[in-house]
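Engineer: Sequence lines, in order, name chains Z and S. Read the first sequence against my numbering and you will find it ends at 1953, with the numbers running on by one and no gaps. Read the second sequence against my numbering and you will find it ends at 1953, with the numbers running on by one and no gaps. All residues carry an ideal CB built from backbone N, CA and C; glycine is no exception. All values derive from a computational prediction rather than experimental measurement.
There are 2 protein chains.
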Amino acid sequence: MSQPEIIAQLKDIIVEGKVLTDAESLSFYGKDWTKVFTPAPLAIVFPRSIPEVQALVRFANKHKVQLVASGGRTGLSGGAVAAAGEVVVAFDYMNSIKDFNPIDRTVVCEPGVITEQLQTFAEEHELFYPVDFASAGSSQIGGNISTNAGGIKVIRYGMTRDWVAGLKVVTGTGELLSLNKDLVKNNTGYDLRQLYIGGEGTLGFVVEATMKLVRPPKDLTVLLLGVPDMSSIMNVLNSFQQKIDLTAFEFFSEKALQKVVAKGDVQRPFETQVDYYALLEFECLNEQLAEQAMEVFELCLEQGWVMDGVMSQSLTQLQNLWRCREDISETIAEWTPYKNDISVIVSKVPAFLAEVERVVSEHYPDFEIIWFGHIGDGNIHLNILKPEQLDQESFIEKCHHVSQWVFEIVEKYQGSVSAEHGVGLLKKDFLQYTRSPVEIEYMKAIKRIFDPNNIMNPGKLVDM
Amino acid sequence: MSQPEIIAQLKDIIVEGKVLTDAESLSFYGKDWTKVFTPAPLAIVFPRSIPEVQALVRFANKHKVQLVASGGRTGLSGGAVAAAGEVVVAFDYMNSIKDFNPIDRTVVCEPGVITEQLQTFAEEHELFYPVDFASAGSSQIGGNISTNAGGIKVIRYGMTRDWVAGLKVVTGTGELLSLNKDLVKNNTGYDLRQLYIGGEGTLGFVVEATMKLVRPPKDLTVLLLGVPDMSSIMNVLNSFQQKIDLTAFEFFSEKALQKVVAKGDVQRPFETQVDYYALLEFECLNEQLAEQAMEVFELCLEQGWVMDGVMSQSLTQLQNLWRCREDISETIAEWTPYKNDISVIVSKVPAFLAEVERVVSEHYPDFEIIWFGHIGDGNIHLNILKPEQLDQESFIEKCHHVSQWVFEIVEKYQGSVSAEHGVGLLKKDFLQYTRSPVEIEYMKAIKRIFDPNNIMNPGKLVDM
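1) Is the beta carbon of Z/Ser1628 less than 7 Å from the beta carbon of Z/Gly1688?
2) Suppose only complete runs of 4+ residues qualify. What are the alpha helix (DSSP H) ranges in the stretch 1639-1725 of chain S, listed by chain order?
3) Let's test the definition: count the other Cβ atoms within 10 Å of the Cβ of Z/Gly1793 and tell me whether it reaches 16, buried, or not, exposed.
4) If we count the other Cβ atoms within 10 Å of its Cβ and call it buried at 16 or more, is S/Leu1804 buried or exposed?
5) Can you tell me where the alpha helix (DSSP H) holding S/Leu1616 begins and where it ends?
6) Hey, S/His1852 and S/Leu1565 are a contact pair by Cβ (cut 8 Å); roughly how many whole angstroms apart?
7) Nearest CA to the CA of S/Glu1770: which residue from S/Arg1814, S/Asp1764 and S/Val1763?
8) For chain Z, is any of its Cβ atoms less than 7 Å away from the one on S/Leu1842?
9) Identify the residues that DSSP records as bridge partners of Z/Gln1629: which are they?
10) If you follow the beta strand (DSSP E) that Z/Met1800 is part of, which residue opens it and which one closes it?
11) Chain S partners of Z/Asn1590, CB-CB under 9 Å?
12) Mapping the DSSP letters down to three states, classify S/Thr1974 as helix, strand or coil.
13) Going along the chain, which unbroken runs of the beta strand (DSSP E) with 3 or more residues stay wholly within the stretch 1538-1566 of chain Z?
14) Under 6 Å: does the beta carbon of S/Ser1907 sit that close to some heavy atom of the ligand SAM?
15) What residues in its chain sit with their C-beta under 8 Å from that of S/Val1749, if we drop five residues either side in the sequence?
16) For Z/Asp1866, go through chain S and note every residue whose CB falls closer than 7 Å to its CB, in chain order.
17) For S/Gly1862, which of helix, strand or coil comes out of DSSP?
18) Exposed or buried, what is Z/Asp1855 when buried is set at 16 or more other beta-carbons lying within 10 Å of its beta-carbon?
19) Check whether the Cβ of Z/Asn1942 lies closer than 7 Å to any Cβ atom in chain S.
20) Just to make sure I have the definition right: I need the residues of chain Z whose C-beta is within less than 7 Å of the C-beta of S/Asn1946. Which are they?
21) In this structure, what does DSSP give as the bridge partners for S/Tyr1765?
22) Over what stretch of residues does the alpha helix (DSSP H) that includes S/His1852 continue unbroken?
23) Could you please tell me which residues of the stretch 1765-1798 of chain S, in chain order, have their CB closer than 9 Å to any CB of chain Z?
24) Quick check on Z/Gln1608: buried or exposed, where buried means 16 or more other Cβ atoms within 10 Å of its Cβ?
25) Excluding sequence positions up to five away, which residues of its chain have a Cβ less than 8 Å from the Cβ of S/Ser1905?
26) Taking CB distances under 7 Å as the criterion, tell me whether S/Ala1908 reaches chain Z.
27) What are the start and end residues of each continuous alpha helix (DSSP H) run of 4 or more residues lying completely inside the stretch 1866-1911 of chain S, in chain order?
28) In chain Z, what lies closer than 8 Å to S/Thr1923 by C-beta?
29) Using 10 angstroms around the beta-carbon of Z/Met1945, count the other beta-carbons present and answer buried if the total reaches 16, otherwise exposed.
30) Quick one, which of Z/Phe1759, Z/Thr1677 and Z/Leu1556 has its alpha-carbon nearest Z/Tyr1518's?
31) With 7 Å as the threshold, decide whether the Cβ of S/Glu1631 is near any Cβ in chain Z.
32) Going along chain Z in order, which residues have a C-beta closer than 9 Å to the C-beta of S/Arg1704?
33) Determine which residues of the stretch 1552-1568 of chain Z have a Cβ less than 7 Å from any Cβ of chain S, and write them out in chain order.
34) Under 7 Å, Cβ to Cβ, is there at least one residue of chain S near Z/Asp1754?
35) Taking Z/Ile1935 as the reference, which of Z/Leu1681, Z/Thr1699 and Z/Ala1532 has the closest Cα?
36) Identify each residue in the stretch 1874-1893 of chain Z for which the Cβ-Cβ distance to at least one residue of chain S is less than 7 Å, and report them in chain order.
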């Protein structure tokens, strides 16, 4: 079928929604936050209902038209990029909250519901949707599920996977599956819902999701601690976890803090300069807990695991302390940093970081490494700033080597080449550093079951 | 290959472990806690290492020898029954805790580790393994994972699924997969670990599992409340959940309590007789929380949702209150009750219960129905006592009709025909009341990937 014929057919199928083919839309909807791929979709379609999605997929399956799901396109692995004449299926018009059940504490969402929209809806009902991250203002629930989004509260609340009570999906042949029916307990065979969570749209489309909510956290309090080295951070984590349920445990380096402070919007939390900082958050439900936190803090001081620290006394102070951590990504953006989102088990973080640092600085002593991340769950963000004198092209080339070394170290430490951003196009060639060849073959076999004609986000995650 | 030849070969493969073929062992290891199937395995093998398991599966795959995984065999759906000349693979000798990581708070278990063994190990390290149920003293971790065991703390801690950091499995072709490598964050494609959790041994064997631990609960307190009707129970649940994180929310009927009290070991919690009872448990971390609980209790009294109640003041009293709920199953065993383990979403429980009661009592007015279960997660245990004058055979026949009606109501309410005990042999014919025909076809296709010769627990869950 010729391209004009496909577009004509799409307009017949997407009657309630719309179909766009102008250059601006193709460019806008054809890419995510990764900037290294050139968008080149054939068309953008905006379905408005599940039957429209099913009709679209049946048509695409029959004529081998490739489809790419598009949510908020805030991904960083090219999972939502359409660079090969695909039809982008944007869920922007399927963005309603369809139902709310206060006893089950569940919300039925169309896939285009924005994360923040769900968070706000929860707040209005005195509940809480706990998966939170920098792009919550534009990422969509369908995309969050397809990438199993994580973020800053994983240590307490887990990943998106933990908040999906039920899913409706359209498979690569256009079949509609209602998975798990929002049940808490349902042991009736393979939990197919789990394959679609984190499936990166390669098995079909998420067309509806029932998300769980929870009691909002109360009296959140932040402790920001200056820590001399990574192994002390582990001791700090361990000491606090024995006494207190943490809602966050983040870390960043002095170099990261310097950049943020230099920008002028955020003040140093305290005068002492230390190599690393740990940011702990917990619900300070009563005075006893505050006292316990202070006791652990003092123990950490005595042991030399902490050099200095501050505890938030107000919401404003809490927000300011959080900015030390949250402003890093935006602050260092001007150095067009090389970024890598990796993980190992928590206890291996110190050794892993040291080895990456050693290898990178051995080869490229002029590279400035900025570490930060969600250390409470083993997820660290490696950022390398481009040295001023180095041109962009040479920097990218050198960083290709860095990736190779980093992924080899990831493999050695049995870590993950993608902690929370998924595989997409960007990390597809490095998948074997985390998943064995046999596992990858099983993944391909599963893809063939749900998407026999390889029309759902082809070329992402694995090559068929 | 003849049966004697198979047995001879098994003895060659299982060199470190052992092979049993005596009648007593065949009978003992060929069944689980369901009593309706007659065990008839060919042999029982006890491997001692992962390579032995792999060699066994490769042999079985080549010669189409059917294998049934055996854990503690405490299941109630016939998932571990060997009634058709299968070789039972018992993991009793692979029962070591191999590693403990205090920072990651993880324990590496062989599949034969007993649930209680893990719980005790956790306690010894001032940690907590929160999946708990009546059979914890004999059920094994491998079996817990394969059935995604639930229990009495699901409302707070979730199912076994939530506590598996990593899995080693041997597929139906003898391949060893290391799934998820114990990582908290790992978004590198389809999470195959999830298929083996609750897979009932039909995709292969769990041969090692890294289980997560958590901070032990502190100062647990129980509230036992007399509640006039099911919709009041929902209001009670909702009122408490807004203020307090519950660790359990169980219910039982006055009829259930009467049986337990009549046995003489347990006293009535209070004099008032009410149709239903709710048992709430929470961490009473401080006086403020105790006051909040009392406030909600008083609100419930005022609203007429609660008629009477008692709060535990000591560990002994807590244990006694729990016995009102936990002794039910054993107490009613003498009536050889018909049992069904079903679930719906929490808010639908009252209507669902009423409809089941109505249908059953319409047809069999002499049947005594005993309800109890984990109402906080929608999981209810239906028990029907055999009327004294009715012979066992007629009772079983009539209960077949009951099952049919119950499952039709389950389907109408979009519930689960097996909330926590799995499908096995017992509920295989009723799977379509919860899973659609298309879903069941996808499940079969997945089974064919991991077990192409249908040697792993064949005939359980689905017929191939």
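Structural biologist: From the atom records:
1) The Cβ-Cβ distance between Z/Ser1628 and Z/Gly1688 does not fall below 7 Å.
2) For the stretch 1639-1725 of chain S, whole alpha helix (DSSP H) runs of length 4 or above, ordered along the chain, are 1643-1646 and 1682-1685.
3) Exposed, because fewer than 16 other Cβ atoms sit within 10 Å of the Cβ of Z/Gly1793.
4) It counts as exposed.
5) Segment: none, S/Leu1616 is in no alpha helix (DSSP H) and carries neither H nor E.
6) With a contact defined as Cβ atoms closer than 8 Å, S/His1852 and S/Leu1565 miss out at about 24 Å.
7) Sorting S/Arg1814, S/Asp1764 and S/Val1763 by C-alpha distance to the C-alpha of S/Glu1770 places S/Arg1814 at the top.
8) Not one chain Z Cβ lies under 7 Å of S/Leu1842.
9) Beta-bridge pairing links Z/Gln1629 to Z/Ile1603.
10) Start and end: Asp1797 to Met1800.
11) For a Cβ distance threshold of 9 Å, residue set Ile1834, Val1835 and Ser1836 of chain S lies close to Z/Asn1590, ordered along the chain.
12) This structure gives no information on residue 1974 of chain S, because the portion of chain S shown stretches from 1490 to 1953.
13) When DSSP assignments are scanned along the stretch 1538-1566 of chain Z, the uninterrupted stretches of beta strand (DSSP E) that are 3 or more residues long and fall wholly within it turn out to be 1556-1559.
14) The ligand SAM is not among the ligands present in this structure, which contains no ligands whatsoever.
15) Same-chain partners within the cutoff: Val1755, Arg1812, Cys1813, Asp1816, Ile1817 and Thr1820.
16) Near Z/Asp1866 (Cβ distances below 7 Å), the residues of chain S are Val1673 and Lys1674.
17) DSSP places S/Gly1862 in strand when its eight states are reduced to three.
18) Result: exposed.
19) No, no contact with chain S.
20) The premise fails here: S/Asn1946 is roughly 12 Å from chain Z at the closest Cβ pair, so nothing lies under 7 Å.
21) For S/Tyr1765, the pairing in a beta bridge is given by DSSP as S/Val1716 and S/Ser1742.
22) Segment Val1838 to His1852, the alpha helix (DSSP H) holding S/His1852.
23) The stretch 1765-1798 of chain S vs chain Z, Cβ under 9 Å: Leu1774, Asn1775, Glu1776, Gln1777 and Leu1778.
24) Buried is the call here.
25) Apart from the 5 residues on each side of it in sequence, S/Ser1905 sits with its Cβ closer than 8 Å to the Cβ of Ile1831, Ser1832, Val1833, Val1899 and Thr1923 in its chain, given in chain order.
26) S/Ala1908 counts as touching chain Z.
27) Whole alpha helix (DSSP H) segments, 4+ residues: 1881-1901.
28) Annotation: Cβ neighbours of S/Thr1923 in chain Z (cutoff 8 Å, chain order): Lys1670, Asn1675 and Thr1677.
29) Its Cβ being crowded by 16 or more others within 10 Å, Z/Met1945 is buried.
30) Residue Z/Leu1556 is the option with its Cα nearest to Z/Tyr1518.
31) The sequence given here has Gly at residue 1631 of chain S, not Glu. Judged by the 7 Å Cβ criterion, S/Gly1631 is not in contact with chain Z.
32) Correct list: Gln1730, Gln1731, Lys1732, Ile1733 and Asp1734.
33) Per Cβ criterion, the list is empty.
34) Using beta-carbon distances, Z/Asp1754 does not count as an interface residue toward chain S, since no partner is under 7 Å.
35) Considering only alpha carbons, the answer is Z/Leu1681.
36) Flagged: no residues at all.
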